[in-house]
Amino acid sequence: GESVGLHLPTLSVQEGDNSIINCAYSNSASDYFIWYKQESGKGPQFIIDIRSNMDKRQGQRVTVLLNKTVKHLSLQIAATQPGDSAVYFCAENQGGNNRKLIWGLGTSLAVNP
Amino acid sequence: EAQVTQNPRYLITVTGKKLTVTCSQNMNHEYMSWYRQDPGLGLRQIYYSMNVEVTDKGDVPEGYKVSRKEKRNFPLILESPSPNQTSLYFCASKTGATNEKLFFGSGTQLSVL
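As you go down the protein sequences, you meet chains A and B in turn. Take the first sequence: its letters are residues 11 to 123, numbered as in this note's numbering. Take the second sequence: its letters are residues 6 to 118, numbered as in this note's numbering.
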């Protein structure tokens, strides 16, 4: 079936380095993608989103890249800080009236001081 | 402060004892949803509501009930909890079905013995 997946379950980076979290999706009809951050003991928090008519979108220290040719999504975090340590989820929109999000399993990002 | 509030934060109960997890949002959102989060399975939608008095099943509705009598509240009811419902539960809301950005509560950790 259609699914959203992640290449790496865990990622460890040095403070100050850039982080790249990858996500593969299989539904070529998906038109919306979103990244969430979940810190320990908290609910998922919106980071950034992108629609399929774009290939790049930038936020504060974060950039999302969308490659529809290979059905790949990535989240880039510049100058990673200890506060960025969390689990990151990508999700794609399944469409329909519900506009339900299909969630990936998450990547754990650990930032080493 | 705009937020989604869930209660209780932690709950331990026994098999068969009815329980309710409350969810309230103060953002006047039309759409509300319940998810459960389990290791290795990610976020799975239990039920959702597109507006008052309108509820629909998500991916894993068995063993759960919901109601939407008021716009701000969306309680999750377990009539006869079983150990396989031990999980981390999240309530979420957004402005409408066509808007994508979900706001999540802090979660309810439920253990059914």
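For each residue, glycine too, the CB sits at the ideal point set by N, CA and C. None of the values given here were measured: they were computed from a predicted structure.
Give me, in chain order, the residues of the same chain whose beta-carbon lies closer than 8 Å to that of residue i; leave out the 5 immediate sequence neighbours on both sides.
{"i": "residue 14/B", "result": "111, 112, 113, 114"}
If we cut at 9 Å on Cβ distances, does residue i have a partner in chain B?
{"i": "residue 53/A", "result": "yes"}
{"i": "residue 11/A", "result": "Residue placement at residue 11/A is flagged as unreliable, the pLDDT there being 33, under the threshold of 50; the coordinate-derived value follows with that caveat. No - not a single Cβ of chain B is within 9 Å of the one on residue 11/A."}
{"i": "residue 103/A", "result": "yes"}
Using DSSP with H/G/I as helix, E/B as strand and the rest coil, what is residue i?
{"i": "residue 90/B", "result": "helix"}
{"i": "residue 65/A", "result": "coil"}
{"i": "residue 114/A", "result": "coil"}
Strictly under 9 Å for the Cβ-Cβ distance: is residue i near chain A by that measure?
{"i": "residue 53/B", "result": "yes"}
{"i": "residue 26/B", "result": "no"}
{"i": "residue 49/B", "result": "yes"}
{"i": "residue 9/B", "result": "yes"}
{"i": "residue 111/B", "result": "yes"}
Sort out for me which residues DSSP pairs residue i with in a bridge.
{"i": "residue 29/B", "result": "10/B, 78/B"}
{"i": "residue 110/B", "result": "According to DSSP, which records beta bridges pairwise, residue 110/B is partnered with nothing at all."}
{"i": "residue 37/B", "result": "54/B, 98/B"}
Can you find the residues in the same chain that come closer than 6 Å, C-beta to C-beta, to residue i, ignoring five residues on each side of it along the sequence?
{"i": "residue 76/B", "result": "57"}
{"i": "residue 100/B", "result": "34"}
{"i": "residue 165/A", "result": "Residue 165/A lies beyond the range of chain A shown here (11 to 123); nothing can be said about it."}
{"i": "residue 7/A", "result": "This structure leaves residue 7/A out entirely; chain A is present only between 11 and 123."}
Buried or exposed, going by whether 16 or more other CB atoms sit within 10 Å of the CB of residue i?
{"i": "residue 49/A", "result": "exposed"}
{"i": "residue 123/A", "result": "exposed"}
{"i": "residue 112/A", "result": "buried"}
{"i": "residue 61/A", "result": "exposed"}
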